[in-house]
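Participant: Take this structure, written in C-alpha cells, and hold onto it; I'll ask about it next.
Number of protein chains: 2
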Amino acid sequence: MPKPGQPLPLFGFFRRLLGQDRAFRQAIATLIGRTPDNIRLYQLAFTHSSVVRQQGEQARHQSNERLEFLGDAVLGTVVAEYLFRKYPYEQEGFLTEMRSRIVNRESLNGLALKLGLDKLVQLDATQGRSTRSRSVNGNALEALVGAVYLDQGYKAARKFVLSRLIKPFVDVKAMTQTTTNFKSKLIEWAQRHGKAIRYDLQGEARPGGVMEFTASVVLEDEVIATGMGLSKKQAEQLAAERALVALGV
Amino acid sequence: MPKPGQPLPLFGFFRRLLGQDRAFRQAIATLIGRTPDNIRLYQLAFTHSSVVRQQGEQARHQSNERLEFLGDAVLGTVVAEYLFRKYPYEQEGFLTEMRSRIVNRESLNGLALKLGLDKLVQLDATQGRSTRSRSVNGNALEALVGAVYLDQGYKAARKFVLSRLIKPFVDVKAMTQTTTNFKSKLIEWAQRHGKAIRYDLQGEARPGGVMEFTASVVLEDEVIATGMGLSKKQAEQLAAERALVALGV
Chain A
1 MPKPGQPLPL FGFFRRLLGQ DRAFRQAIAT LIGRTPDNIR LYQLAFTHSS
51 VVRQQGEQAR HQSNERLEFL GDAVLGTVVA EYLFRKYPYE QEGFLTEMRS
101 RIVNRESLNG LALKLGLDKL VQLDATQGRS TRSRSVNGNA LEALVGAVYL
151 DQGYKAARKF VLSRLIKPFV DVKAMTQTTT NFKSKLIEWA QRHGKAIRYD
201 LQGEARPGGV MEFTASVVLE DEVIATGMGL SKKQAEQLAA ERALVALGV
Chain B
1 MPKPGQPLPL FGFFRRLLGQ DRAFRQAIAT LIGRTPDNIR LYQLAFTHSS
51 VVRQQGEQAR HQSNERLEFL GDAVLGTVVA EYLFRKYPYE QEGFLTEMRS
101 RIVNRESLNG LALKLGLDKL VQLDATQGRS TRSRSVNGNA LEALVGAVYL
151 DQGYKAARKF VLSRLIKPFV DVKAMTQTTT NFKSKLIEWA QRHGKAIRYD
201 LQGEARPGGV MEFTASVVLE DEVIATGMGL SKKQAEQLAA ERALVALGV
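Residue numbers (full-length UniProt numbering), protein chains in the order written: chain A, 1 to 249; chain B, 1 to 249.
Dropping the structure here:
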C-alpha cells in the first residue's frame, strides 16, 4: 500500500494528464479572455507540422497549417475593418499598406512572443531548437485566431484580435508616420537640390488575382531606384527608400 | 394649376428621386436577400472611382475602392472557412489554391455579371463604355460584400457569399478536379515515355508577408518550364501546364 498522500502510479499518471489538460485550458482561457469550448482546436493551433510529419505526409492535416490559413484570413478581415473605420478619408492603397505592416511575418512573430505563444507551441523534440524558425510562433498566432473563430465565432475572434493584439501592442499611428517617411524625405531632398523627381509605375497581375506593382524613381529622366510591392504606395515607398540610399541621403 | 394627375414640376423631381431611391433599395434587397439599413453604403459600393475623380484626388475615398479592400478580406475569410470545412483532410496548399480559383479577378467578374451588378455600377458617363475594364464588375462585387458586412454584420455577409455566390454559381468539385489535371497529366506522360520528372521549388518572401513560389519542371536534369504562384501547388500546376505545352502534349 502506498503511504497516504502518495498516489497510486496509475492514478498519478491520469492526474498528470488531466492536470496538463487543465493547465492548457487555463492558459488558453487567459490568452483569449474567455473559456474555450472545443479545446482540441487550440491543441491543433499549437501543433507544428514537425510533430505530425513523422506519421507521414497523410497526417499533415493534423498540424496547425490549415488553421493558420483560416486565421490569416480572419486576422486580415479584422485589421481591414479596423483600418477602414480608423481612417475614413484614406484611400485603399494606404489601407493595404498599413495592413501589411501590421500583419506581416515579422510583426506576427513579435506579437506571438509578446503573448508567450512560444511556450505553448508543440514541435518535434528530436529536431532541437535550432531548426525552429522564427515564423513558427507567428504561424501559431494565426492558427490561434483561426481556432478562436471556429470555436467562438467571428465576433469573439474580432474582439481577441483588437483587444489582445492590436490595441495593447501595435502603435498604428507611429506606423502611419513611418509610411510617408521615405517618399516625403525624397521630395524634401529634391526640392532642396532643385531637382525633378517622379515615379513610374507598372502593375502586373499575379496568379491568384493579386496585383504586383513596380515603381521606379526617376530623377531628371534617369531611373535611380526601383521597388516592388502589392500596392502602389508600397512599391513607391520601397523605391524611395532605395533612392535615398543610392543618393547617399 | 396643373391638371389632376399631373404633378407640379418640383414634386415630380422629388418623386423621381425618391422613386429611383426606392428602386435601388429594392434591387439591393433582392440581391442580398434582406432589407438594407444604410443604403448609402450600397450606393458607395457601386460608385466607380471614375465618377468622383472629376472632383479631384481628394474625393477618391468616396468611391468603392475602400469597400472593395474590406470586401475582398471578408470574401477571402468566408471562402477560407467554407473550404476548411468542406475538405477536412486537405492541406493548406490545396485550400489556398482552391480559394484563389474561386475568388480570382476573372471568376469575380463572371459572378458579378451573373448577379447583374453591371446594371448597378455607376461610372463616369463621359468616359463611355469602352474604358470600362471588366474588373469594374468584380470590384463592385467585392465592395458589395464589404457593404453587407458593415451594414448587416459578418454573419449576413457570410450568408450572402455562401447562398448567393458560391452555392448557386461555383462548381467547387469540378474546380478540384481541374486542379490536379496538369500535374497528373505530366506524370502520365513521363511514365509512358520512361522519363524522370521532378519539380524544383524556390520560395521568396514578397512585401506584405506573402510568399511567392517558383516551380521548375526538370525533365532528365533539364529545366523545361517554370511557373510562379502564391502557393507551391499553384506554381507547380502552372509549371506543369507549360511543360505540357513545351512537350507538345
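Glycine included, each C-beta is placed from N, C-alpha and C at the ideal position.
What you are looking at is a predicted structure, and each value in this text was computed from that prediction instead of being measured.
1) Can you find a CB in chain A that lies within less than 7 Å of the CB of B/Arg34?
2) Can you list the alpha helix (DSSP H) stretches of 4 or more residues lying completely in the stretch 100-161 of chain A, in chain order?
3) Could you say which of B/Leu230, B/Gln202, B/His193, B/Val172 lies nearest to B/Leu219 if we only look at CA atoms?
4) Is there a Cβ of chain A sitting closer than 7 Å to that of B/Glu188, yes or no?
5) Measure how close the beta-carbons of residue 256 of chain A and A/Pro36 come, nearest whole angstrom, since I'm counting them as under 8 Å.
6) Whole angstroms is fine: what's the gap from A/Thr131's alpha carbon to A/Leu123's?
7) Classify A/Gln202 as helix, strand or coil using the three-state DSSP reduction.
8) So, is A/Thr30 buried or exposed, given that buried needs 16 or more other C-beta atoms within 10 angstroms?
9) Closest to A/Met111 by CA distance: which of A/Val145, A/Gln43, A/Glu204 is it?
10) Considering Cα atoms alone, identify which of B/Arg53, B/Asn137, B/Val103, B/Ser107 is closest to B/Lys119.
11) Compute the Euclidean distance between the alpha carbons of A/Leu165 and A/Met175, then round it to the nearest angstrom.
12) With DSSP as the reference, please indicate the residues paired to B/Met98 in a beta bridge.
13) Using the beta-carbon of each residue, which ones in chain B are nearer than 7 Å to A/Leu70?
14) Quick one: is B/Tyr42 near chain A, going by C-beta distance under 7 Å?
15) In whole angstroms, what separates the C-alpha of B/Leu8 from that of B/Gln20?
16) Starting from B/Ala225, trace the beta strand (DSSP E) both ways and give me its first and last residue.
17) Under 8 Å Cβ to Cβ from A/Leu244, same chain only, skipping five residues before and after it: list those, please.
18) Any beta-carbon of chain A closer than 7 Å to the one on B/Tyr89?
19) B/Gly153 to A/Gln234, Cα distance in whole Å?
20) Rounding to the nearest angstrom, what Cα-Cα distance links B/Ser100 and B/Thr47 in this structure?
21) Touch check for the stretch 197-207 of chain B and the stretch 227-242 of chain B: three-plus C-beta pairs under 8 Å?
22) Is the shortest distance between the beta-carbon of B/Thr47 and the beta-carbons of chain A less than 7 Å?
23) Thinking just about the alpha-carbon of each residue, which of A/Leu117, A/Lys159, A/Ala59, A/Tyr149 is nearest to the one in A/Ala140?
24) Determine, using beta carbons only, whether B/Leu67 and B/Leu44 come nearer to each other than 7 Å.
25) By the criterion of Cβ-Cβ separation under 9 Å, what are the contact partners of B/Tyr154 in chain A?
26) By the three-class DSSP mapping on this structure, what secondary structure does B/Phe46 have?
27) Flag this pair as yes or no: are the beta carbons of A/Val74 and A/Ala196 separated by less than 7 Å?
28) Any C-beta of chain B sitting closer than 7 Å to the C-beta of A/Leu95?
29) From the beta carbon of B/His193, is the nearest beta carbon of chain A less than 7 Å away?
30) By a C-beta neighbour count over all protein chains shown, 10 Å radius and 16 as the cutoff for buried, is A/Ser163 buried or exposed?
31) Would the C-beta of A/Gly227 count as close to the ligand COA, meaning under 6 Å from any of its heavy atoms?
32) By alpha-carbon positions, which one of A/Asn64, A/Glu81, A/Ile39, A/Glu241 ends up nearest to A/Lys155?
33) Once you ignore the five residues that flank A/Lys159 on each side, which residues in its own chain have a CB closer than 8 Å to its CB?
34) Compare the C-alpha of A/Lys167 against each of A/Gly93, A/Val78, A/Thr214, A/Gly229 and name the closest.
35) With 16 other CB atoms within 10 Å as the buried threshold, where does B/Val223 fall?
36) So which residues of chain A does B/Val245 contact, with C-beta pairs closer than 7 Å?
Facilitator: In this structure, then:
1) Among the CB atoms of chain A, none fall inside 7 Å of the CB of B/Arg34.
2) Within the stretch 100-161 of chain A, the complete alpha helix (DSSP H) runs of at least 4 residues are 105-114, 135-152, 154-160.
3) The shortest C-alpha separation from B/Leu219 is found at B/His193.
4) Any Cβ of chain A closer than 7 Å to the Cβ of B/Glu188 would place that residue at the interface, and such an atom is absent.
5) In the structure as shown, chain A begins at 1 and stops at 249. Residue 256 of chain A is therefore absent and cannot be evaluated.
6) Annotation note: pLDDT 48 at A/Thr131 (below 50); position unreliable, coordinate value reported separately. If I take the Cα positions, the gap works out to 10 Å.
7) strand
8) Flag for A/Thr30 reads exposed.
9) One point to set straight first is that residue 111 of chain A is Leu, not Met, in the sequence displayed. It is A/Val145 whose Cα lies nearest to the Cα of A/Leu111.
10) B/Asn137
11) 15 Å
12) Looking at the DSSP assignment, B/Met98 forms no beta bridge with any residue, so it has no partner.
13) Ala80, Glu81, Phe84
14) B/Tyr42 is outside the set of residues whose beta carbon lies under 7 Å from a beta carbon in chain A.
15) Residue placement at B/Leu8 is poorly supported in this model, since its pLDDT is 47, which falls under 50; the coordinates still yield a value, given next. Distance between the alpha carbons of B/Leu8 and B/Gln20 is about 18 Å.
16) 222-229
17) Phe182, Lys185, Leu186, Trp189
18) yes
19) 30 Å
20) 26 Å
21) yes
22) no
23) The shortest C-alpha separation from A/Ala140 is found at A/Leu117.
24) yes
25) Per Cβ cutoff of 9 Å: Thr77, Gly153, Tyr154, Lys155, Arg158.
26) coil
27) no
28) yes
29) no
30) Exposed: under 16 other Cβ atoms inside 10 Å.
31) Among the ligands in the structure shown, none appear at all, so the ligand COA cannot be discussed.
32) A/Glu81
33) Gly33
34) A/Val78
35) exposed
36) In chain order: nothing, as chain A lies at least about 16 Å away.
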